[in-house]
Structure formats: C-alpha cells, structure tokens
Amino acid sequence: MTAKWNREEQLAEIAKLDAYRVRTESRLKELKADGVELEHKKTGARIFLLLADDANKVFTIGFRTPPQDSTGVAHIVEHTVLCGSEKYWAKDPFMELVKGSLNTFLNAMTYPDRTVYPVASCNPKDFENLMDVYLDAVFHPLFYKEEKIFRQEGWRYELESEDGKLSRNGVVYNEMKGAYSDPDQVLERAIDEALFPGHPYAEESGGDPDFIPNLTYEAYLDFHRRYYHPSNSFIYLYGNLDMAERLRYLDESYLSKYERLAIDSAIPVPKRLGAPVFVSRPYSIGETESEERAAYVSLNLRVGGQLDPVEYSAYQALDYVLLKAPGALLHDALIEEGFGDDVYGGYANGIREPYFQITAKHLRREQKDSFLRRVRELLTEIAEDGLDHEMLLAAINMAEFRAREANFGSAPKGLVYGLQSFESWIYDADPCLHLRFAGLFDELRRKVGENYFENLIREALLENENYAVVELYPVRGLTAKHEAEDEERLAAKKAAMSAAERQALIAFGKEMRAYQDAADSEEALRTIPMLSREDLAAENEPLNFEAGKLGETPFHYAARNTTGILYLRLDFDVSDLPAESLTELSLIKDLLGYLNTDAHSYGELSTLVNLHTGGIQFSIDNYPDLAEFRGDRRVFSASVKFLPENAAKAIELVNEQLLSTQFTDRERVRNLIGEIRAGLKDTLLSAGHIAAVNRAASYFSESGVFQDVTKGIAYYRYLEGLTEDAALTAFTERAKAVLGETVRSGRLLIHLTAESAGKAAVLPLLTELSARYPAGGKGEMRFRFAENIKREGFGSASRVNYVARIGNFRTGGFRYTGALRIAQTMLSYGYLWNEIRSKGGAYGCAVRFGRGGSVVFSSYRDPKLEETDKVYEGVPGYLEQYEADEREMTKAIIGAVGEMDTPRTPQLSGLLALSAYYSKVTDEMFAKERAEVLSATPKDIRALAPLVREALKYEAKCVIGNEGAIARAKDFFTETAQLFAAESEETEA
C-alpha cells in the first residue's frame with residue numbers, strides 16, 4: 000500500500016458516506032497524515048480520523064464527563080463498563096482481551112473533564128474485535144442488571160458475621176486511598192478546589208476516598224445515562240485502516256440505533272476569582288518523620304492558553320527555563336536561598352483553563368510569606384533584565400526535536416496523537432490544533448527576539464490576581480487518626496443497623512463472594528471474540544544486530560529505520576566495583592549535567608545540549624547472564640541522540656560531562672541531593688511495589704542487591720545519610736575518583752542504533768572515541784554477597800500496602816520454559832486478579848517469571864497484607880488443578896504471543912538487541928521459547944506447579960505500606976522499620 004494511493008482513495012470513499020457530514024480536512028505533513036473531522040448526521044457524534052500509513056491501528060471513544068461531586072462516579076463508571084456488556088456478557092471482557100488478544104494498547108482513563116477508552120493493535124481482525132467489545136461496553140454495560148459490578152469496582156460495606164467489624168472495600172476506593180497517600184495528590188486536590196470554586200475542576204473526578212462512599216447505585220446509573228450517549232461522544236480512528244468500512248460499521252452497528260439528544264456536557268470557562276485565594280491543609284507523615292521542614296507552599300496562577308498553540312507552547316518553554324532546566328532561573332535561585340528541597344511545578348495544561356504552578360517542597364511553615372515574596376521579586380528581575388535567549392532557543396529546539404522524533408516509548412504514536420487531539424476537541428475546537436507544528440517553532444523563535452516571553456511573565460505571572468496559594472503542613476499520625484475516626488463511624492453505622500439489615504449485609508457478602516468465585520460459563524466466554532492460532536506469526540522478529548570491534552573497543556550496532564536520528568550509547572562495565580561504589584555511581588548519574596564542568600557552567604552546558612542534541616542521559620543497569628547463569632554485567636551508561644550533522648558536537652558534550660564535571664560545589668551538590676531524595680521519597684510512597692520487589696530480591700541475589708543499592712530502599716537510606724556534613728564531604732571528595740575509575744577505555748562498549756548512512760557518517764568519530772579515555776579496565780573483584788533471607792516490613796503514612804514475595808526456581812533444578820510466559824499472563828490477569836483485585840480490593844497485582852529463574856509476586860495499592868501472601872501461596876495448587884479446552888488454551892497462547900510481539904520504536908528495538916547481547920540471549924533461544932508457547936498444553940501449565948512451589952520456599956518477603964497494618968502483622972515479619980528514617984529537628988534546622 001502506498002501512502003499517496005491510500006490517502007486519495009480513502010478520502011474519496013469517506014466523502015461518499017451518507018451517514019456522515021465531513022466538516023474539515025487537513026493535510027498534516029509533519030505527521031505524514033491526513034486529518035478528517037466528521038459529524039454523524041443522526042446523533043451528532045463527533046468523529047476524527049487520522050489517516051496514516053501505520054500498521055499500529057488505534058481506536059478511541061471518549062465522552063465529556065464533568066463531575067458534580069467528588070464521589071468518583073466518572074472513574075467508577077470507567078472501571079465498570081468493561082465488566083460485561085449485552086453482547087459480551089462474560090464477567091470481565093477487559094481481562095479476557097488482555098489474556099487473549101494481540102493488542103498493543105488496551106486501557107481506559109478518567110481525566111478531570113473526560114473519560115476515554117483507547118485500544119490499539121497491528122492485527123486487523125484483532126483491532127476490529129477490540130473496537131466492537133469497547134463500543135458495546137460503553138453503550139450497553141451489564142451493570143444496569145447487576146449491582147455487584149458497582150460494588151466490586153466502586154465501594155461496598157463488608158460484614159463477615161454479627162460480631163464482626165463493619166468495613167469498606169472496593170477497587171477504586173482503594174486505588175484512591177493509595178493516590179491520597181501521596182502528598183502531591185493531596186496538594187493537587189487542594190489547588191483545584193482553590194482555583195476553580197463552583198466548577199467541575201473543583202471536584203475529584205477520580206474520587207476522594209472520603210467521599211466515594213456517598214455514591215449511590217442510582218446516582219451512578221444516572222451518570223452513565225446522562226453522558227454515555229453518541230450525542231456526547233468523540234470517536235477517533237488512526238492508521239492504515241479502511242476508514243470508510245469502519246465508519247459504515249460504526250453507523251450500522253451502533254450510532255444509527257440512537258436518536259440525537261441535547262446533552263449539557265460542555266466544559267465552561269471557569270469564572271475569574273474575585274480575589275487571591277489562600278488555603279492551608281494538613282497531610283500525614285510517619286510517626287518518626289520530622290514536622291520541622293516538611294511543609295509545601297504552592298503558588299498557582301490561572302493563565303489559560305489551552306486553545307492558542309503559540310501561547311500553549313510558549314508556557315511550556317517558560318516552564319522549562321524557569322523550573323526544569325539545569326540552571327533554571329527561578330528554581331535554582333529559590334533552592335540556593337534555602338526554600339525547600341525542591342521547587343517544581345510548571346504549566347498544568349490539558350484542561351479548559353490551564354494554570355502555572357510554582358511549588359516549594361519541604362520547607363518550614365514560617366517561610367511561606369518570604370517564599371511568595373521572593374518568587375515575585377525574582378520574576379520581576381527576570382522580566383526586567385530579560386531571559387537568557389540562548390536558553391529559550393535551546394528549549395524550543397528540544398521541543399521541536401521531540402515533536403519530529405515522535406518517540407513515545409512503548410505507547411503507539413497514534414494513541415498519543417489521539418490523546419493530544421482530545422485536548423482541544425472536547426472544548427469544541429479543532430482536533431488538529433495540538434498536532435500541527437509546521438511553522439510553530441519558527442514562530443516561537445521569532446518571538447524570543449520580541450521579548451514575548453518576558454511580557455508573558457509580566458502579564459500572566461506578575462500582574463495576574465487570578466491565583467491561589469496552597470500550603471500543606473505535616474501532621475504525624477494523621478493517617479492513624481483518620482483510620483480510628485473512620486472505625487468509629489463504621490461502628491456507629493453498624494450499631495444503628497437493625498438485625499435484619501445486618502443479616503442482609505452478611506448475606507450480600509456471601510452472594511458477592513459467590514459471584515466473584517463463579518467461573519464464567521462456556522457460553523459467556525465464547526461471546527468474547529478471539530483470533531485463532533493461524534493468526535499468530537510463527538517466528539519472532541530477529542534481533543538483528545552486529546557485534547564487532549572498533550580497534551580494541553567492542554562495538555554493537557543495530558540497523559534500524561530511525562528517520563535520520565542516531566542513538567548512541569557508551570557503556571562502561573562496572574561489574575567489578577563494590578556495592579558502595581555502585582551506590583555512588585547511581586547518585587553521580589543524577590548529578591551529571593547539573594554541575595559545572597571545566598569548560599562551562601551547568602546552565603551553559605544545558606543550553607548547548609539542547610541546541611545540538613535531542614538530549615543526554617546517564618544510567619546504571621545490570622544484565623544477568625542467561626546462558627550460563629553466572630552473575631550479571633553491570634554498566635554505567637551515557638546515552639545521546641542527535642542528527643548526523645551534530646555528531647561531533649554531541650559526542651564532545653557527552654565527554655565533557657564524563658571527563659570534566661566538577662563536584663567541588665558542596666552546596667550545589669547538597670541541594671541537588673535534596674531534590675533527588677525528595678523525588679525518590681515520593682516514588683517509594685506512590686510506587687512502593689517496585690522498591691518492595693527489589694528489596695526482597697536483595698536477600699538472595701546479587702542482581703537484587705544491585706537494584707536495591709542503586710534504585711531502592713538502600714539507595715534512599717544512603718541519600719538520607721548524606722544530610723550529615725561529614726558524609727556529604729566524603730562523597731564530594733570521592734565522586735571525581737569514582738567517575739574517573741569508571742570512565743576508562745578498557746571498560747567501554749559502544750552501542751549505536753541508526754540507519755546505515757548515519758553509521759557511516761559517525762563511524763570515524765566512534766573509532767577515535769576510546770583514545771579520549773584513560774587506559775585501564777575492570778578488575779576481577781565483585782561485591783561480596785551473603786544470602787540473608789528476611790521478611791521485612793517498612794511502615795509509612797500510606798493508607799495502602801505493596802506486598803512483594805520473591806523466589807527462584809533454578810535452585811530446584813528447573814529450567815525456564817515458554818509455558819511460563821503463558822502462566823505469567825494467565826495468573827496476573829486470572830487467578831491473582833480475581834483473588835487480590837476483584838475480591839481483595841487491590842488496584843493491581845502481578846507475577847513475573849524470569850529467564851534466570853526469578854519468580855516475582857507483587858500487589859499494588861492493596862488494602863490487605865497477609866491475605867495477599869496467602870494468595871501467592873495458593874498458586875501451585877491452582878496450577879496443579881489447571882484445565883482448559885482448546886479455545887481457552889488458544890486464548891492463553893495468544894495473550895503470551897501478544898506480549899512477545901509488542902511493537903517497539905527503533906530506539907527500543909536497538910536496546911532490546913543490546914540487552915540480549917549482554918545476557919547472551921540468542922534468536923535461537925527466542926525461537927525455542929516461541930515454539931514452546933505455540934505448542935503448550937494444559938499439561939505443560941500443570942507441570943509448573945512444583946517450579947513455583949520451589950520458588951515459594953525462599954520466604955523472601957517485603958511489604959511497604961501502612962504503618963498500623965505492619966505493626967498489627969508483626970509476627971508476619973522478621974524485621975520491621977519505618978520506611979523513612981527518624982530525623983532530628985536540630986539537624987534539619
């Protein structure tokens with residue numbers, strides 16, 4: 000199919016359709032696509048097509064869903080429409096699709112004013128199946144007939160017996176309890192209430208856990224009736240589809256069945272504030288954390304610009320130069336003057352009226368007024384003296400590079416384009432508004448010389464009285480206090496119930512469990528459309544790389560279609576370094592680019608990087624040997640992306656940071672460590688499952704120790720220790736030597752992902768590269784490891800838990816097999832999902848099986864603790880009893896293949912090849928795994944039971960979560976501690 004032929008034919012066929020009115024057509028050369036906006040004549044449904052020669056097809060249906068309260072009804076509807084529909088009446092079609100389709104994306108998202116349901120697939124038949132399941136789900140959900148769907152996903156009372164405690168549960172309820180354990184979420188909620196009084200944005204569309212129990216089943220149904228109608232729908236299609244055929248299907252199967260309705264869902268422009276608003280709110284910290292320097296102060300100015308592409312992009316450039324860039328003018332001045340560990344924020348867009356946020360984190364409460372005063376003084380100075388125009392131009396250059404690169408990691412680019420279109424479309428503006436960028440960046444560059452950005456600061460940030468100031472102040476034990484108060488309310492609720500009401504609730508609980516335990520009938524499961532084994536590719540995409548040498552330096556090359564961009568990575572093997580050096584290197588990687596070098600200040604360096612490259616990043620990773628299972632390779636990496644004409648400058652800038660970074664500015668280093676520590680603290684609270692997994696793995700594997708000391712709890716403990724002057728001094732004195740010992744020619748491997756012309760252009764520079772580094776290489780010493788199996792619990796102010804359990808099956812003589820790939824999907828979205836999420840109320844759960852023998856269980860935002868571990872222990876028994884007919888087995892195989900065949904960007908494809916090279920994984924090993932997957936039988940799944948039982952023998956467990964829950968389960972653990980170490984008020988002052 001040629002793009003030109005397809006474009007002309009598709010546009011002509013679309014124009015012939017009687018059911019639709021073509022409103023606009025747009026050629027988007029920058030995306031190599033055509034945009035067509037249509038209206039369904041009968042219902043008024045809005046349709047936006049993006050025709051592009053891309054096999055990764057995307058469908059999204061969205062609805063404007065402005066909340067009127069904070070019960071989370073929009074969020075709960077989003078969860079529950081995917082729990083069965085009239086046509087697809089299995090209990091959880093969403094999970095059936097996850098387990099048995101070739102989707103490249105499958106999810107749903109609730110925004111402050113809209114809810115969207117996107118799917119993507121490269122397989123045409125699979126794409127059609129996904130599209131139909133989602134359409135039937137949003138328009139014909141089963142929850143009108145089955146209240147238990149609402150009670151499972153939203154909220155419910157639970158009472159086990161007459162003398163038992165009354166409690167609450169529900170997936171969304173627990174998800175949002177987890178969200179509100181993060182102070183940033185508490186802050187965002189307070190900001191929205193202060194900035195947008197009387198507007199839907201003042202409510203929590205995701206649901207405030209204190210208000211979710213106010214939602215009734217009837218109000219929930221009314222919300223769906225009001226908004227989930229074609230007349231309120233926004234439908235997006237992307238890719239090399241037969242668009243006319245899909246539009247006919249949409250009309251005949253769904254849209255034509257409805258009449259047009261007048262639905263009042265338009266998102267109004269928020270009314271101006273009559274005067275600045277000042278709000279103060281408490282947030283919870285752990286019992287041992289200090290209240291002294293833990294406040295947040297946030298200045299938030301409503302600035303707009305959502306529907307003005309130039310203003311919208313200009314605010315993002317201002318966001319970067321004021322707050323995010325190394326050398327950011329406002330950020331650095333405030334940090335240096337002692338206003339907290341971090342200053343962050345920026346342009347909060349994607350809503351009808353965006354705002355600009357400037358937030359200081361971890362400062363003293365009495366600093367609030369001086370912080371606000373100093374922000375105004377600094378902004379005045381910047382507006383009067385002028386911004387650094389080179390820095391602005393560099394920020395614009397970086398934005399343009401990223402727009403043209405269209406590298407969105409694992410997300411299909413058509414998905415991202417669709418979500419960007421919604422940011423204007425739902426406000427009745429052009430859906431192409433944020434997709435066009437031809438000429439936009441040139442316009443921004445012109446405005447740099449016209450003082451446009453300085454005027455924007457004056458008008459929007461200094462002369463703007465439409466703002467709110469929000470303060471968060473810490474309170475020890477607030478979570479425990481709220482829990483105790485809630486228990487009292489629940490006890491009073493139970494006491495007020497009649498005996499008949501209590502018995503009815505007990506009976507409902509039994510009915511609920513029976514509903515959750517009941518397997519779908521074969522008839523219900525057969526309603527879910529499914530591919531056949533014949534639809535699956537018989538072979539993997541080859542790794543496709545070359546491994547050789549440039550002189551004496553190992554060279555790894557992945558030839559990919561990168562649209563002219565070169566992705567270069569310099570890897571230094573640090574497998575011999577001790578654990579303390581790896582921890583220091585992990586910190587050094589975060590400091591590089593934010594410290595002066597011998598030639599430039601860090602601000603100047605950042606400008607040069609953004610002018611000449613698409614970005615430079617540093618990382619530290621490990622790669623297990625999966626052929627001989629002897630240890631792993633650990634590498635410190637510098638990555639840079641650039642165009643061929645900038646190759647010499649890009650490499651020069653990388654080397655400048657590797658070879659001449661100065662670590663002598665102790666106060667600068669201290670401030671940066673404060674930011675890094677604050678960011679990691681937030682991550683430990685909001686994504687504790689990752690740290691819990693790494694910690695548990697550290698009890699018995701070198702790889703686990705590596706992850707813990709470079710990314711996890713041990714690394715956070717190290718950062719806490721650097722608050723002491725002596726420890727900080729020791730680090731600054733050692734850092735140069737540690738980096739110098741790392742960046743040596745004998746440690747170097749060069750990786751390049753590029754087209755052949757790009758390789759040819761840069762090869763002479765790469766050949767000379769190793770001569771730039773001191774001679775020497777890695778030694779034989781490794782950090783000493785001693786197995787020490789534990790069961791650790793780390794308490795915090797969190798309202799939920801993250802429960803991890805790790806083991807290894809290789810010690811029992813078992814080997815990795817493709818059946819494990821099937822079991823991973825089957826268990827994560829089957830047995831574990833039903834027991835831990837549907838019944839237990841956790842937001843997420845998973846198991847992962849590694850080629851090296853690792854078995855990793857984890858839960859996410861989980862109200863349970865010991866109960867979840869018991870579910871993990873039940874896996875071998877479940878596997879032993881596993882039975883499946885041909886259809887069910889085929890579905891499991893399709894799900895596994897879908898995960899194996901996930902499309903990758905050229906950069907990610909190149910890195911997969913590099914990872915395989917390091918881990919000694921070959922195309923033959925991948926082919927063997929695929930053959931085992933495609934030929935798997937229920938017997939192969941049952942044979943995994945002893946393998947998992949072997950892994951569970953390790954008893955390696957780690958829980959991060961609610962300090963009260965961990966204290967109550969003390970016998971479950973061998974050790975417990977506070978997640979965040981006790982801090983003295985004197986040290987902080």
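For what it's worth, numbering that gives the first Met the number 0 labels the leading residue of the sequence shown as 0, then goes sequentially.
Every residue, glycine too, gets a C-beta built ideally from N, C-alpha and C.
query = Within the present structure, is the beta-carbon of A499 separated from the nearest heavy atom of the ligand NAD by less than 8 Å?
reply = What this structure holds is no ligand at all, so the ligand NAD is not there to describe.
query = Would a C-beta distance cut-off of 9 Å place N102 and G897 closer than the cut-off?
reply = Taking the first residue of the sequence shown as position 1, residue 102 is located at position 103. Taking the first residue of the sequence shown as position 1, residue 897 is located at position 898. Closer than 9 Å, so yes.
key: Nearest-angstrom Cα separation, counted from A495 out to F407   = On the sequence shown, residue 407 is found 408 positions in, with the first residue counted as 1. On the sequence shown, residue 495 is found 496 positions in, with the first residue counted as 1. Cα-Cα distance, rounded: 54 Å.
query = In its own chain, which residues sit with a C-beta less than 8 Å from the C-beta of L594, not counting the 5 before and 5 after it?
reply = In the sequence shown, counting from the first residue as 1, residue 594 sits at position 595. Cβ neighbours of L594 beyond the five flanking positions: Y601, T660, Q661, F662, D664, R667, V668, L671.
query = From this set, Y156, A394, V708, M899, which residue's C-alpha is nearest I1007's C-alpha?
reply = In the structure displayed, the chain extends from 0 to 988; residue 1007 sits before or after that span and is not available.
request  = Give the straight-line distance between the Cα atoms of T1 and R225, rounded to the nearest whole angstrom.
outcome  = As a working note, residue 1 is residue 2 in the sequence shown. As a working note, residue 225 is residue 226 in the sequence shown. At T1 the pLDDT is 41, less than 50, meaning the model places this residue with poor confidence and gives no usable figure here.
key: Boundaries (first-last residue) of the beta strand (DSSP E) holding T561   = Your numbering for residue 561 matches position 562 in the sequence shown. Looking at the DSSP string, T561 is not in any beta strand (DSSP E), and its letter there is neither H nor E.
query = Alpha carbon to alpha carbon, what distance is there between A189 and P65?
reply = In the sequence shown, the residue the question calls residue 65 occupies position 66. In the sequence shown, the residue the question calls residue 189 occupies position 190. Distance between the alpha carbons of P65 and A189 is about 18 Å.
task = Assign N463 to one of three DSSP states: helix, strand, or coil.
result = Position 464 of the sequence shown, counted from the start, is the residue given in the question as residue 463. N463 falls in the coil class under three-state DSSP.
inquiry  = Within a Cβ cutoff of 6 Å, which residues of the same chain sit near N396, ignoring the five residues on either side of it in sequence?
reply    = Position 397 of the sequence shown, counted from the start, is the residue given in the question as residue 396. Closer than 6 Å at Cβ, skipping near neighbours: N609, L610.
inquiry  = Given a cut-off of 9 Å on the beta-carbon distance, is the pair L913 and H688 in contact?
reply    = Position 914 of the sequence shown, counting from 1, holds the residue named residue 913. Position 689 of the sequence shown, counting from 1, holds the residue named residue 688. Not in contact: L913 and H688 (Cβ atoms no closer than 9 Å).
message = On the criterion of 16 or more Cβ atoms from any shown chain inside 10 Å, does D91 qualify as buried, or is it exposed?
response = Your numbering for residue 91 matches position 92 in the sequence shown. Per the 10 Å Cβ criterion, buried.
query = Out of S934, A891, S409, which has the shortest C-alpha to C-alpha gap to S908?
reply = One-based indexing of the sequence shown puts residue 908 at position 909. Nearest of S934, A891, S409 to S908, Cα basis: S409.
task = Consult DSSP for E791 and reduce its assignment to one of helix, strand or coil.
result = In the sequence shown, counting from the first residue as 1, residue 791 sits at position 792. Note: E791 maps to strand in three-state DSSP.
inquiry  = Rounded to the nearest angstrom, what separates L392 and E442 at their Cα positions?
reply    = Along the sequence shown, one-based indexing puts residue 392 at 393. Along the sequence shown, one-based indexing puts residue 442 at 443. Rounded to the nearest angstrom, the two C-alpha atoms are 11 Å apart.
query = Is DSSP giving Y714 helix, strand or coil here?
reply = Working through the sequence shown from its first residue, we reach residue 714 at position 715. Reduced to three states, the DSSP call for Y714 is helix.
Own chain, CB closer than 6 Å to E786, minus 5 neighbours either side, in chain order = Taking the first residue of the sequence shown as position 1, residue 786 is located at position 787. Around E786: F699.
query = Does the segment 825-845 come close enough to the segment 707-722 that 3 or more CB-CB pairs lie under 8 Å?
reply = no
task = Would you mind working out which of Y200, L96, V72, G71 sits nearest L81, comparing C-alpha positions?
result = In the sequence shown, counting from the first residue as 1, residue 81 sits at position 82. If we check each option's Cα against that of L81, L96 comes out closest.
Nonlocal neighbours in the same chain, by C-beta distance under 8 Å from L322, ignoring five residues either side = By one-based count along the sequence shown, residue 322 stands at place 323. Excluding residues within five positions, the ones whose Cβ falls inside 8 Å are L329, H330, V342, Y343, G344, G345, I357.
task = Could you pull the start and end residues of the alpha helix (DSSP H) that E458 belongs to?
result = Taking the first residue of the sequence shown as position 1, residue 458 is located at position 459. E458 -> no alpha helix (DSSP H), and no H or E assigned at all.
query = Looking at the unbroken beta strand (DSSP E) that takes in H39, where does it start and where does it end?
reply = The sequence position of residue 39 within the sequence shown is 40, counting from 1. Start and end: 32-39.
ask   = To which residues of the same chain is W832 closer than 7 Å at the C-beta, ignoring the five residues directly before and after it?
value = The residue given as residue 832 occupies position 833 in the sequence shown. For W832, where only same-chain residues beyond five positions count, the Cβ hits under 7 Å are M94, C844.
key: Proximity test, Cβ basis, 9 Å: S369 and chain C   = The structure shown contains no chain C; it is built from a single protein chain.
query = Quick one: is R167 buried, meaning 16 or more other Cβ sit within 10 Å of its Cβ, or exposed?
reply = The count along the sequence shown starts at 1 and reaches residue 167 at position 168. Buried, by the Cβ-count rule.
query = Using DSSP with H/G/I as helix, E/B as strand and the rest coil, what is M108?
reply = Numbered from its first residue, the sequence shown carries residue 108 at position 109. The answer is strand: DSSP assigns M108 an E or B state.
request  = Whole angstroms is fine: what's the gap from E146's alpha carbon to V799's?
outcome  = Mapped onto the sequence shown, residue 146 falls at position 147. Mapped onto the sequence shown, residue 799 falls at position 800. If you take the alpha carbons of E146 and V799, they lie about 26 Å apart.
query = Among the residues of its own chain, which have a CB less than 8 Å from the CB of A179, if the five just before and after it don't count?
reply = Translated into positions along the sequence shown, residue 179 becomes position 180. Reading the sequence as shown, one finds Tyr at residue 179 and not Ala. For Y179, where only same-chain residues beyond five positions count, the Cβ hits under 8 Å are V185, R188, D207, P208, R798.
message = I need the DSSP call for G345, collapsed to helix, strand or coil.
response = Here residue 345 refers to the residue found at position 346 when the sequence shown is read from its first residue. Here G345 sits in strand by DSSP.
message = My output table needs one value for R1001: the three-state DSSP class, helix, strand or coil.
response = Residue 1001 lies beyond the residue range present for the chain, which begins at 0 and ends at 988; the question has no answer from this structure.
request  = Tell whether a beta-carbon distance below 9 Å holds between L658 and F793.
outcome  = Mapped onto the sequence shown, residue 658 falls at position 659. Mapped onto the sequence shown, residue 793 falls at position 794. The answer is no: Cβ separation not under 9 Å.
message = Measuring straight from C-alpha to C-alpha, what distance separates G71 and S204?
response = As a first step, residue 71 is located in the sequence shown; it is residue number 72 there, counting from the start. As a first step, residue 204 is located in the sequence shown; it is residue number 205 there, counting from the start. Answer to the nearest angstrom: the Cα atoms are 5 Å apart.
request  = Could you name the residues of the same chain whose beta carbon sits closer than 6 Å to that of Y830, not counting the 5 residues immediately before and after it, in chain order?
outcome  = For the purposes of this step, residue 830 is taken as residue 831 along the sequence shown, with counting starting at 1. Cβ neighbours of Y830 beyond the five flanking positions: Y877.
message = Closest to L434 by C-alpha separation, out of D52, K31, L764, F554, would be which residue?
response = To locate residue 434, count along the sequence shown from 1; it is residue 435. Measuring from the Cα of L434, the nearest candidate turns out to be K31.
message = Just verifying my parser: in three-state terms, what is the DSSP assignment at K863?
response = As a first step, residue 863 is located in the sequence shown; it is residue number 864 there, counting from the start. Note: K863 maps to coil in three-state DSSP.
task = In angstroms with no decimal places, state the Cα-to-Cα distance between L105 and P117.
result = Position 106 of the sequence shown, counted from the first residue, corresponds to residue 105. Position 118 of the sequence shown, counted from the first residue, corresponds to residue 117. Roughly 6 Å between the two C-alpha positions.
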